[in-house]
Amino acid sequence: MSDDTLLRLAATIEARKGADPETSWTAKLLSRGPKKAAQKFGEEAIEAVIEAARGDKDKLTEEAADVLYHFLVMLTARGVSLSDVYTVLERREGQSGIAEKASR
Numbered sequence: 012m013s014d015d016t017l018l019r020l021a022a023t024i025e026a027r028k029g030a031d032p033e034t035s036w037t038a039k040l041l042s043r044g045p046k047k048a049a050q051k052f053g054e055e056a057i058e059a060v061i062e063a064a065r066g067d068k069d070k071l072t073e074e075a076a077d078v079l080y081h082f083l084v085m086l087t088a089r090g091v092s093l094s095d096v097y098t099v100l101e102r103r104e105g106q107s108g109i110a111e112k113a114s115r
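Positions 12 to 115 (the numbering used here) are the ones given, in order, by the sequence shown.
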């Protein structure tokens, strides 16, 4: 896997914005609005945390994939692109986390 996988997934999610919610899970999530997308992301994140605490690598990996997908849906629902997030990460790269946080 590479960054390309996330970029393709983000592009697919963006393309599904106009799809029929009866035939597309992504379109259904997006049609419910940003708050519902955020709620679903939170649910998936909690499931990942539970699996991390349990120590089941395979289940954690599955939940992590769900987290990434629902994270991208949430971003799309709020009009934030993966490219926008990459820009922030690139700006922070090589900077101490402590220094970066203090600069906000």
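Don't be surprised by glycine CBs; every beta carbon is placed ideally from N, CA and C.
Our two residues, T37 and S94, have alpha carbons roughly 19 Å apart in a direct line. P32 carries a coil assignment under DSSP once its states are collapsed to helix, strand and coil. Going by beta carbons, V96 and I24 fall outside the 8 Å limit.
DSSP places S42 within a helical segment (H, G or I) once states are collapsed to three. Taking C-beta atoms under 8 Å as the contact rule, L71 and A88 fail to qualify, at a distance of about 25 Å. For Q106, the three-state secondary structure derived from DSSP is coil.
In this structure, the straight-line span from the alpha carbon of S107 to that of V99 is close to 14 Å. Contact annotation: Y80 and L20 have beta-carbon atoms nearer than 8 Å. Only residues of its own chain outside the window of five on either side were considered, and among them S35, T37 and A38 have a CB closer than 6 Å to the CB of R27, listed in chain order. DSSP places D67 in no alpha helix (DSSP H); its state is neither H nor E.
Cα atoms of D15 and S114: separation of roughly 31 Å, rounded to the nearest angstrom.
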